[in-house]
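Engineer: Once you know that position 33 of the sequence shown is 32 in numbering that gives the first Met the number 0, the rest is easy, because the numbers rise by one and skip nothing.
The following block contains the structure, expressed as structure tokens.
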Amino acid sequence: MRARTSGRSKEALPPFPHEVELPAAFGDWYDIAAVHLGAAERRDSSWRRLVAGLSAALTVL
Numbered sequence: 000m001r002a003r004t005s006g007r008s009k010e011a012l013p014p015f016p017h018e019v020e021l022p023a024a025f026g027d028w029y030d031i032a033a034v035h036l037g038a039a040e041r042r043d044s045s046w047r048r049l050v051a052g053l054s055a056a057l058t059v060l
């Protein structure tokens, strides 16, 4: 079960692997994975993530 975060709907998150039926062919699997990867990349590319990543990198240095 996913923890709900404020401001995000469940539809905005990609499904867990066990929630997706296995496709018949690799091409079908690749198409499904590409769609969900694109959604995750769009969600992760916000300026808040960038600032958090930079501050974490500077902390390590």
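Ideal placement from N, C-alpha and C gives every residue a C-beta, glycine not left out.
Nearest by alpha-carbon distance to Ile-31: which of Arg-47, Trp-46 and Pro-14 is it?
Structural biologist: Ile-31 has its Cα closest to that of Pro-14, out of Arg-47, Trp-46 and Pro-14.
Engineer: Straight-line CA distance for Ala-23 to Pro-16?
Structural biologist: About 15 Å.
Engineer: Could you have a look at Leu-49 and say whether DSSP puts it in helix, strand or coil?
Structural biologist: Reduced to three states, the DSSP call for Leu-49 is helix.
Engineer: Helix or strand or just coil, what does DSSP make of Val-59?
Structural biologist: Three-state result, Val-59: helix.
Engineer: Taking Glu-18 as the reference, which of His-35, Leu-57 and Gly-26 has the closest Cα?
Structural biologist: The candidate whose alpha carbon is nearest that of Glu-18 is His-35.
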